[in-house]
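Before any comments, here is the structure.
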Amino acid sequence: MDVFGGAPRFLAYPRPVVVQSGADAVLKCQIGGDPRPAVIWERNNEKIDLQGRYRVFEDGNVYNLIITVVTIEDSGQYICKAKNSIGETYAAATLKVEGEAQEMELREENKPRFLIKPLSTRVGRGDDAVFSCKLWGNPRPDVVWEKDGKKLNEIFESTHFSVGFQDGGWFQLKIFKTRAPDGGVYTCKARNDFGEALAGAVLLVDAGPGHEEEGNRNGYTNCHWKSHQGKPRGGRQMPNRLKEDTLTKSTKVKMFAVTEGKHAKFRCFVTGKPKPEIIWRKDGKLILSGRRYLLYEDREGYFTLKVLYCKQKDNGVYVCAASNTAGQTLSAVHLSVKEPPVRFKQPLIDLEVWERDLAVLECEVPEDSVPITWYLEDRRLQPGAKYGMEEWGTKRRLTIRDIGVDDDGIYLCEMPDGGRSIAEVAVKGTILRKLPRKVDVLEGENAAYCVEVEKEEMDIHWYKDGVELRETHQTIIKSFGRTHILVFVNTMPQDSGLVTFLVGRSKTSSQLRVKAARHCPPSCPVGVQINTERANAALLSWVPAQDSRRNPPAGYVLERQEVGTGSQEWLQCLTTDSATSVEILGDSVPCEADYRFRICSVNKYGKSNNVEFPRGVHLVPVARIQAPLQDALVPEGQDAHFSIELSASVIGTWFLNGTQLQEDERYSMRRTRTHQSLRIRGVRDTDNGAEITFIAYGIRDSAAMYIQAPLVKFSPLSEMDRNKFVEIGNPIVLYCELSDPAAPVHWYKNGVELQTMEGLHIQSEGTMRRIVIQSAEFSHSGVYCCDAIDDVIRFNVEVEAPPVRFSAIPDAERNKTVQQGCPIVLQCELSDPCAQVYWYKDGSKLLPQPGVDILTDGFARKLIIPTAEFFHTGLYCCKTKGDSVLFNVDVKAPPVKFSAIPEELRTKWIEAGCPLVLQCVVSDAEAHVCWYRDEMQLIPHSGLEITSEGNRRTLVVQCTEVCHSGVYRCTTQDDTMDFQVEIKAKPSMPNFEVEGTRSVQMGKSLELDCEVADSSVPVCWYKDGVKLLPQHGWETQSNGTLRRLVIPTAELLHAGLYSCESSDDTIHFTVDIKAPPLPLSPSPDVVKTHSIEATSSAEPTTEASDPAFQLSWHRDQEHDSNKEADFELGGIKKTLVTAPTQPSNSGSYYSATTDAVTQLIKNEASSPTNLLDPDGEKTKSAKVQKAIVRQFEISDPIAKACWYKDGTQIYPKSKADCESQSSIPNLAHTGT
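Under the numbering used here, the first residue of the sequence shown carries the number 447, and numbering increases by one thereafter.
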């Protein structure tokens, strides 16, 4: 018994242990716990199997793990785990083994090794077979003989073999009267304390006279010695010469159906000792392994027949006959091969060809269009140098060139619907029996190969992955006449590879695949039973699973569950290694209850499913009193409690003055494992001196109950009522309620009794007791107690200063939107001017720094950012103890605005074909704008340019059309600028009669009159097709039906074709302005006189009345001396270029627009010696062959200008020149 009880715990942890190699090591730990814990030891996460060098010794609560004759491999960490029904714990112990070098040397010297290994042998049926080997090892190794990985006593009866030892280290295995199943691989495993060794040999059992058909029922075929998946391809079905097994009426024949071309697999599970011999027959004929018949025992112990690629001839009854010396049994199945829905018109035919010949397979499909696929067993064939595939009509042909041993096998021609035609191709040559295409074995199993050649004593070779094999302890190479055997013993994954047998020019190959062993937990036990005939005990028994030989369990784990408690927990009660029955006694359970049990198998890879025993059992532990009942003194009206602690959990009965108590409103009985308790509610005075008795399984104990006067008790108060937080200046009121209204109480503060005084009142009303402090101060904080002798109640009082609060701030002040560059001012007010505040932005504390000012002004707190930037956007918080205020600040860029443009400049009247230029200025040079016409966004293209230069945004339409009329809008994110554009179509120039020709001398008044039929009819005036608008320089008059155009002072530029248009009619006037003759001598009107030599140039310039606009004419290219004056337009600047000066170009030049005429320019050409002007400012000389350039600027870029020489207009000369002047901004013209 553990005096502490409960879950397991380590009283002394294991200490590190250092021992010399070869000595014994003891790991100790001291563990307490009640119930007594189960202790296991682990290493490398695996439970240690307590056998051999490991054993456990228990000394009270000290648990010892003893390891005998430790080696260097035993060094490491060991885990001690303890578990009981309450809990579990574990601790680690470290073992260090010293003497590694000596250990390794000693190990090498003394570990087992074969001096002479057993030799493979071949015997006749019924003869004895003997294997002998010589071993060395110190101490003498233990030797175990196995066949195909199984211990001999598991497959042979004891009289069929014997194992012996002779002096000199000779070990011998003898098998008496060998049978066909005795053939296989025998291994000798030798082990001592320093290591182990292994060697193998092959036994071949000849059938003998009368048993030739059993030749390949030796314990091997190609693969490991149980041949699951090897596919030998050299046998055939042979007639039976043995006594036929006849089916009796009691033999039940099962039915099995398969589609033609598919596989059929029959399994038969047979047990018996000695191991039975298995014979398969079809319709009474013996079946031997061949290309399409595989016979083997699988890993689950089933004897299996597999029929590959079934044909119609495979229909029939298949019988599995098992026999040994004890008797015989049969199992039968009827195979039905179903025809495919679509059949071949002509199927394939089996072939037999010689090695290195040509093999041709032909078949015929139902229709020409049916595609087919060729297979060699499960490998799809592709056309190439090896295989030729032909199709003509419904015939299909496969040609196999340079046929070899590995081409021997089953060939299939398959249609898309699954229909197959099958042919066996037998290759005759040096190798009569060849290797399977592949062999799959598990790690630790044997892989065996058998090849038969046509002659004895031929030069043969075995290879793996191109490397020739030599015989070792684990690689057996043996030849028996024409039969040659290769065995890989105890294979490992690295043994995988391509195995090749070579004899002369012939070879056969097989792919060996070694799969890692599956670490599977064992199967669960079967046949579980429970026997409860013995009182207070249960006998549990079980049987190991059927596959326990193949996957044996390391032990069994038994668990129990207490029934009726509502708990579903299963607790481990014991483990056993190999026993198949165990008795559970009542003294092994912790408490009296109904129990049920379950069991599972375990090994180092896990555990099986649990199997529950069929019924439960009532078990009672032997209990002893650990803590007896105690007398109780209970106040009247209170509850009485009695308890007893036992060593085991049993069911007991409570008595009051000899009367058994039952569970009801007054009596409550509880049992928690070993603890038993009784509660009597509301004891009375009449219960004084009562005897309380507890009786259980062999236990009796009593105690007395005494009643005392009722105690004065306080009514319970809530946590809130007992813990007071009061602001300074507020009253403090503490109250409580007693069970006795007459009971006196005393009030204390921090242990000092309180009395009524000014500002503090102690009150008592009935059961209520109260203390009142009228105005709380900090000194009133503390622990107050109200003491009623039998009971006391406490109050925690804390006087606090009033919390600092922020004044309410309007939403408009808390949500600020500030333009970039403007200041940000966040302000709030506190209730306490001395309170400390902290400012935060997006959760990060702000400190005073350049660009951030934090100010305190009385109750006000301010955060000032003089210049707002975009990164100042965020959530600002001003915090003080107990309160905070939030500000949302959003910094936005200033709105992008357009500079104002007068209304008249935003309205454009343009003739079709002329350029349209719209310009506006934005406040932000980086601002993005969009242009729209009639709400449709404009995209730049070949005729539309949108440019941005600094703050100026420009839209240019190079050649306008009427469809370009509309409202143009330039927009930013914040502003819009509109332009009204009207494009008038070019007036057509039809033939019309001119109303009249007016010749007026320049400077005189010009009046044009016409009369309309109706005085209300409006008219429009045009000059040269351009509509005239009222402006300075002319006026239009309307007097009744008379319409008049008046030009007060005619200028040369006023010459042209005038039209007066109404809605129904048009009248035309031709006006010719005569210039006054100009004298050749300088006059006051001439601003600049240039005397120019031939080939020199001069560029006088005149400016128009509006200095805000400039238009320049220029010409850059060189002029020939014979060219006349050239004219160029460019923006609002007009340039006259006189070709290389000639005397004929001398004269007075001037330019005129509709509104103004430039000052006259006099140009003379003479010889260089006569035309030099001493003034130098107004007279320039130029040599012959140099151009003369004149230019002036006008206020309207689309206004027309005319050049005159000596009063005669020299540009424009024709109407085409006028049109080109108005529509092409940079066009040069040539004049006289």
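Beta carbons are placed, not taken as given, at the ideal position from N, Cα and C, and that holds for glycine. Values in this document were obtained by computation on a predicted structure and should not be read as measured data.
Problem set entry | Neighbourhood of P817 by C-beta distance below 8 Å, restricted to the same chain and skipping five residues each side | Working through the sequence shown from its first residue, we reach residue 817 at position 371. If we look at P817 and ignore the five residues flanking it on each side, its Cβ neighbours are M861 and P862.
Exercise. Using DSSP with H/G/I as helix, E/B as strand and the rest coil, what is D1408?
Worked result: Position 962 of the sequence shown, counting from 1, holds the residue named residue 1408. Note that residue 1408 is Val in the sequence shown, not Asp. If DSSP states are grouped into helix, strand and coil, V1408 belongs with the helices.
Problem set entry | Classification of Q1295 by the beta-carbon crowding that lies within 10 angstroms, buried from 16 upward | By 1-based counting over the sequence shown, the position of residue 1295 is 849. Under this definition Q1295 is an exposed residue.
Exercise. Would you call the stretch 1316–1323 and the stretch 1270–1289 in contact, with 3 or more CB pairs under 8 Å?
Worked result: yes
Exercise. Does the pairing of the stretch 961–981 with the stretch 909–918 give three or more beta-carbon distances under 8 Å?
Worked result: no
Problem set entry | Helix, strand or coil at P787 according to DSSP, with G and I counted as helix | Here residue 787 is taken as the residue at index 341 of the sequence shown, counted from 1. Of the three classes helix, strand and coil, the one that applies to P787 here is coil, per DSSP.
Exercise. Between which two residues does the beta strand (DSSP E) carrying D1336 extend?
Worked result: The residue you call residue 1336 lines up with position 890 of the sequence shown. Here the beta strand (DSSP E) through D1336 covers D1329 to K1338.
Exercise. What three-state label does DSSP hand H780 in the structure shown?
Worked result: One-based indexing of the sequence shown puts residue 780 at position 334. In the structure shown, H780 sits in a strand (DSSP, three-state: E or B).
Problem set entry | Candidates P1177, D1278, K708 and S578, of which the one nearest K757 by Cα | The residue labelled residue 757 in the question sits at position 311 within the sequence shown. Taking only the C-alpha atoms, the option nearest K757 is K708.
Problem set entry | Spatial neighbours of F1241 in its chain, beta-carbon cut-off 6 Å, leaving aside the 5 residues before and after | Within the sequence shown, the letter at position 795 stands for residue 1241. Around F1241: R1168, L1180 and Y1230.
For this session: Output the boundary residues of the alpha helix (DSSP H) element that contains D1257.
Result: Indexing the sequence shown from 1 puts residue 1257 at position 811. Counting along the chain, the alpha helix (DSSP H) containing D1257 begins and ends at D1257 to R1260.
Exercise. In its own chain, which residues sit with a C-beta less than 7 Å from the C-beta of L827, not counting the 5 before and 5 after it?
Worked result: One-based indexing of the sequence shown puts residue 827 at position 381. Once the five neighbours on either side are set aside, the close Cβ partners of L827 are W820, Y821 and Y833.
Exercise. Is the beta carbon of F1252 sitting closer than 8 Å to the one on C1280?
Worked result: Residue mapping note: residue 1252 aligns to position 806 of the sequence shown, counting from 1. Residue mapping note: residue 1280 aligns to position 834 of the sequence shown, counting from 1. Going by C-beta atoms, F1252 is not nearer than 8 Å to C1280.
For this session: Compute the distance between the beta-carbons of V1063 and T1011, then report whether it is under 8 Å.
Result: On the sequence shown, position 617 is the one that residue 1063 refers to. On the sequence shown, position 565 is the one that residue 1011 refers to. Not in contact: V1063 and T1011 (Cβ atoms no closer than 8 Å).
For this session: Can you grab the Cα-Cα spacing for the pair V1375 / L1390, in whole Å?
Result: Position 929 of the sequence shown, counting from 1, holds the residue named residue 1375. Position 944 of the sequence shown, counting from 1, holds the residue named residue 1390. The straight-line gap from Cα to Cα measures roughly 15 Å.
For this session: Indicate the three-state DSSP secondary structure (helix, strand or coil) for E1005 in the structure shown.
Result: The residue given as residue 1005 occupies position 559 in the sequence shown. Note: E1005 maps to strand in three-state DSSP.
Exercise. What is the DSSP secondary structure of I1097, reduced to helix, strand or coil?
Worked result: Locating residue 1097 in the sequence shown gives position 651, counting from the first residue. Coil, per DSSP.
Exercise. For the candidate residues C1366, A1188 and S735, whose alpha-carbon lies nearest to that of G1396?
Worked result: For the purposes of this step, residue 1396 is identified with residue 950 of the sequence shown, where counting begins at 1. Among C1366, A1188 and S735, the Cα nearest to that of G1396 belongs to C1366.
For this session: Alpha carbon to alpha carbon, how far is A991 from E1058? Give it in angstroms, no decimals.
Result: Position 612 of the sequence shown, counted from the first residue, corresponds to residue 1058. Position 545 of the sequence shown, counted from the first residue, corresponds to residue 991. Going from the Cα of E1058 to the Cα of A991 covers about 15 Å.
For this session: Please say whether E1183 and S1161 have beta carbons closer to each other than 8 Å?
Result: For this step, residue 1161 is matched to residue 715 along the sequence shown. For this step, residue 1183 is matched to residue 737 along the sequence shown. Against a cut-off of 8 Å, the Cβ pair of E1183 and S1161 comes out as a contact.
Exercise. Between the Cα of R1415 and the Cα atoms of D1460, Y1468 and R1352, which residue gives the shortest distance?
Worked result: As a working mapping, residue 1415 is identified with position 969 in the sequence shown. Checked all of D1460, Y1468 and R1352; the closest Cα to R1415 is R1352.
Exercise. How many whole angstroms separate the CB atoms of H1500 and I1513, which I take to be in contact at a CB cut-off of 8 Å?
Worked result: On the sequence shown, residue 1500 is found 1054 positions in, with the first residue counted as 1. On the sequence shown, residue 1513 is found 1067 positions in, with the first residue counted as 1. Actually they do not touch by this definition, with Cβ atoms about 18 Å apart.
Exercise. Is it right to say M938 is buried, meaning 16 or more other beta carbons lie within 10 angstroms of its own, or is it exposed?
Worked result: Translated into the one-based positions of the sequence shown, residue 938 becomes position 492. Answer is exposed; the Cβ neighbour count stays below 16.
Exercise. Apart from the five residues just before and just after L1362, which ones in its own chain have a Cβ nearer than 8 Å to its Cβ?
Worked result: Working through the sequence shown from its first residue, we reach residue 1362 at position 916. The residues are K1354, I1356, L1401, V1402, V1403, T1406, H1410, V1427 and I1429.
Exercise. Helix, strand or coil: which one does DSSP assign to I525?
Worked result: For the purposes of this step, residue 525 is taken as the residue at position 79 of the sequence shown. If DSSP states are grouped into helix, strand and coil, I525 belongs with the strands.
Exercise. Taking C-beta to C-beta, are K784 and A869 nearer than 8 Å?
Worked result: As a working mapping, residue 784 is identified with position 338 in the sequence shown. As a working mapping, residue 869 is identified with position 423 in the sequence shown. No.
For this session: Could you please give the first and the last residue of the uninterrupted alpha helix (DSSP H) stretch that includes N599?
Result: Along the sequence shown, one-based indexing puts residue 599 at 153. Counting along the chain, the alpha helix (DSSP H) containing N599 begins and ends at L598 to I601.
Exercise. Can you tell me whether DSSP reads V1603 as helix, strand or coil?
Worked result: On the sequence shown, position 1157 is the one that residue 1603 refers to. For V1603, the pLDDT reaches just 43, beneath the cut-off of 50, and the residue's location in the model is therefore unreliable, although a value from the coordinates is still provided. Strand.
For this session: Kindly examine the ligand GDP and report whether one of its heavy atoms sits closer than 7 Å to the Cβ of Q1365.
Result: This structure lacks the ligand GDP, and indeed carries no ligand of any kind.
Problem set entry | Which of helix, strand or coil DSSP assigns to K700 | One-based indexing of the sequence shown puts residue 700 at position 254. Correct three-state label for K700: strand.
For this session: Out of Q1014, T1105 and D1023, point me to the one whose CA is closest to V1004's CA.
Result: What you label residue 1004 is simply residue 558 of the sequence shown in a count that begins at 1. Before going on, a small fix: residue 1004 reads as Leu here, not Val. Selected option, being the one with the closest Cα: D1023.
Exercise. Distance, Cα to Cα, K1308 vs W1285?
Worked result: Here residue 1308 refers to the residue found at position 862 when the sequence shown is read from its first residue. Here residue 1285 refers to the residue found at position 839 when the sequence shown is read from its first residue. Using only the alpha carbons, I get a separation of about 9 Å.
Exercise. How would you call S1221, buried or exposed, if buried means at least 16 neighbouring beta carbons within 10 angstroms?
Worked result: For the purposes of this step, residue 1221 is taken as residue 775 along the sequence shown, with counting starting at 1. Exposed, because fewer than 16 other Cβ atoms sit within 10 Å of the Cβ of S1221.
Exercise. Quick one: Cα of P1436 to Cα of C1506, how far?
Worked result: Position 990 of the sequence shown, counting from 1, holds the residue named residue 1436. Position 1060 of the sequence shown, counting from 1, holds the residue named residue 1506. In this predicted model, P1436 has a pLDDT of only 40, less than 50, meaning its place in the structure is not dependable; the value taken from the coordinates is given anyway. About 15 Å.
For this session: Report the three-state DSSP secondary structure of P1081 (helix, strand or coil).
Result: Residue 1081 sits at position 635 when you count from the first residue of the sequence shown. P1081: strand per DSSP, three-state reduction.
Problem set entry | Per DSSP, cross-strand counterpart(s) of E1497 | For the purposes of this step, residue 1497 is identified with residue 1051 of the sequence shown, where counting begins at 1. Beta-bridge pairing links E1497 to no other residue.
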